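Residue numbers (the numbering used here): 276 to 481. These notes are about the structure you will find just below.
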Ligand code: SF4
């Protein structure tokens, strides 16, 4: 059975994660997908596309969490309709659950419209992978498949902030010799109105 909903510890904690797709418009050098196919024993490769009903059915097999994070082995906004459908279900049936989307920030460029505005009221927080303090480093570490990606990511962060949704830019530190220049990233995030989160690179992923 495909893993659509998962916990990153054996004992379920307050957070559940949603795996919508294995597609991504980045190919980050540090991406966990490049060296393993499971998270805590959950196989993350999906055999097929799924419906919101499939996700709901898996979700119901878990204890009700405090937070749901769209994350998984791919870019969740590439399945935007599915994301919206499941988030709407959560809003209606479990209004107390916080909803976060971990994203590469390419969605507005892909859809050619402002999806942050569309997710107002459905998403409580965006975590956007800034990944680097300049375009050259971003291209090297994220290997994006869309043009002008570094600027697009910054514009997306701004769109989320303008939509009045809590927004955190993230960088990964400790991957081989890559230096994300955290102070610079912090300034960039602040200028865009977002916080910065530094995630330590862990070989096992999460
Ligand atoms: S954006 Fe996330 S899923 Fe996509 S390649 Fe980078 S780390 Fe992997």
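In this text, a Cβ means the ideal position worked out from N, Cα and C, and glycines have one as well. A quick note: this is a predicted structure, and the numbers were derived from the prediction, not measured.
* Asked: How many whole angstroms separate the CB atoms of residue 380 and residue 433, which I take to be in contact at a CB cut-off of 8 Å?
  -> In the chain shown, the residue the question calls residue 380 occupies position 105. In the chain shown, the residue the question calls residue 433 occupies position 158. About 10 Å separates the two Cβ atoms, so there is no contact after all.
Tell me whether residue 375 is buried or exposed, calling it buried when 16 or more other Cβ atoms sit within 10 Å of its Cβ. Residue mapping note: residue 375 aligns to position 100 of the chain shown, counting from 1. By the neighbour-count rule (16 or more Cβ atoms within 10 Å), residue 375 is buried.
For residue 430 and residue 383, believed in contact at Cβ under 8 Å, the rounded distance
Sequence index remark: in the chain shown, residue 383 carries index 108 (1-based). Sequence index remark: in the chain shown, residue 430 carries index 155 (1-based). About 7 Å separates the two Cβ atoms, so the contact holds.
Note to self: Here's a check: name, in chain order, each residue in its chain whose Cβ is nearer than 7 Å to the Cβ of residue 390, leaving out the five neighbours to either side.
What the structure shows: The residue labelled residue 390 in the question sits at position 115 within the chain shown. Once the five neighbours on either side are set aside, the close Cβ partners of residue 390 are 352, 355, 382, 383.
query = For residue 315 versus residue 283, is the C-beta spacing smaller than 8 Å?
reply = Translated into the one-based positions of the chain shown, residue 315 becomes position 40. Translated into the one-based positions of the chain shown, residue 283 becomes position 8. Less than 8 Å separates the beta-carbon of residue 315 from that of residue 283.
- Item | Residues near residue 459 by beta carbon distance below 6 Å, same chain, minus five either side | Within the chain shown, numbered from 1, the residue matching residue 459 stands at position 184. So the qualifying residues of the chain are 408.
#### Entry: Beta-carbon proximity list for residue 326, same chain, < 8 Å, skipping 5 on both sides
Translated into positions along the chain shown, residue 326 becomes position 51. Within the same chain, Cβ atoms closer than 8 Å to the Cβ of residue 326 are found at 357, the five residues on either side in sequence being excluded.
Checklist entry - What is the DSSP secondary structure of residue 307, reduced to helix, strand or coil? => result As a position in the chain shown, residue 307 is number 32, starting the count at 1. Note: residue 307 maps to helix in three-state DSSP.
Between the stretch 356-373 and the stretch 403-418, can you find at least three pairs of beta-carbon atoms closer than 8 Å?
no
| Since residue 386 contacts residue 347 with CB under 8 Å, what's their CB separation in whole angstroms? | Position 111 of the chain shown, counted from the start, is the residue given in the question as residue 386. Position 72 of the chain shown, counted from the start, is the residue given in the question as residue 347. Residue 386 to residue 347, Cβ: 19 Å. No contact.
Between which two residues does the alpha helix (DSSP H) carrying residue 426 extend? Reading the chain shown from its first residue, position 151 is the one you call residue 426. Taken as a continuous stretch (DSSP letters only), the alpha helix (DSSP H) holding residue 426 covers 424-437.
query = By how many angstroms is the C-alpha of residue 332 removed from the C-alpha of residue 300?
reply = As a first step, residue 300 must be located in the chain shown, where it is residue number 25. As a first step, residue 332 must be located in the chain shown, where it is residue number 57. Using only the alpha carbons, I get a separation of about 28 Å.
Check your understanding: Quick one: is residue 337 buried, meaning 16 or more other Cβ sit within 10 Å of its Cβ, or exposed?
Key -> Indexing the chain shown from 1 puts residue 337 at position 62. Looking at its Cβ environment, which holds fewer than 16 other Cβ atoms inside 10 Å, residue 337 is exposed.
* What residues match up with residue 400 in a beta bridge as DSSP calls it? -> Here residue 400 refers to the residue found at position 125 when the chain shown is read from its first residue. Note: residue 400 sits in a beta bridge opposite 375, 441.
TODO: Alpha carbon to alpha carbon, how far is residue 470 from residue 323? Give it in angstroms, no decimals.
DONE: Sequence index remark: in the chain shown, residue 323 carries index 48 (1-based). Sequence index remark: in the chain shown, residue 470 carries index 195 (1-based). Between residue 323 and residue 470, the C-alpha separation is close to 35 Å.
query: Of the residues 400, 444, 449, 317, which one's Cα is nearest the Cα of residue 464?
result: Walking along the chain shown from the start, residue 464 turns up at place 189. For the residues 400, 444, 449, 317, the minimum Cα distance to residue 464 belongs to 444.
Is the beta carbon of residue 457 less than 8 Å from the beta carbon of residue 446?
Residue 457 sits at position 182 when you count from the first residue of the chain shown. Residue 446 sits at position 171 when you count from the first residue of the chain shown. Against a cut-off of 8 Å, the Cβ pair of residue 446 and residue 457 comes out as a contact.
The ligand NAP and residue 449: does any heavy atom of the ligand fall closer than 7 Å to the residue's C-beta? Judged by which ligands are present, the ligand NAP is missing from the structure shown, whose ligands are the ligand SF4.
Subject >> Lining residues of the ligand SF4 - beta-carbon closer than 5 Å to any non-hydrogen atom, in sequence order >> reply: 299, 301, 303, 306, 379
Which residue marks the beginning of the beta strand (DSSP E) containing residue 473, and which one marks its end? Position 198 of the chain shown, counted from the first residue, corresponds to residue 473. Per DSSP, residue 473 belongs to the beta strand (DSSP E) from 470-475.
Note to self: Please report the straight-line C-alpha distance between residue 417 and residue 449, rounded to a whole angstrom.
What the structure shows: Within the chain shown, residue 417 is the residue found at index 142, counting from 1. Within the chain shown, residue 449 is the residue found at index 174, counting from 1. Each residue's alpha carbon lies about 15 Å from the other.
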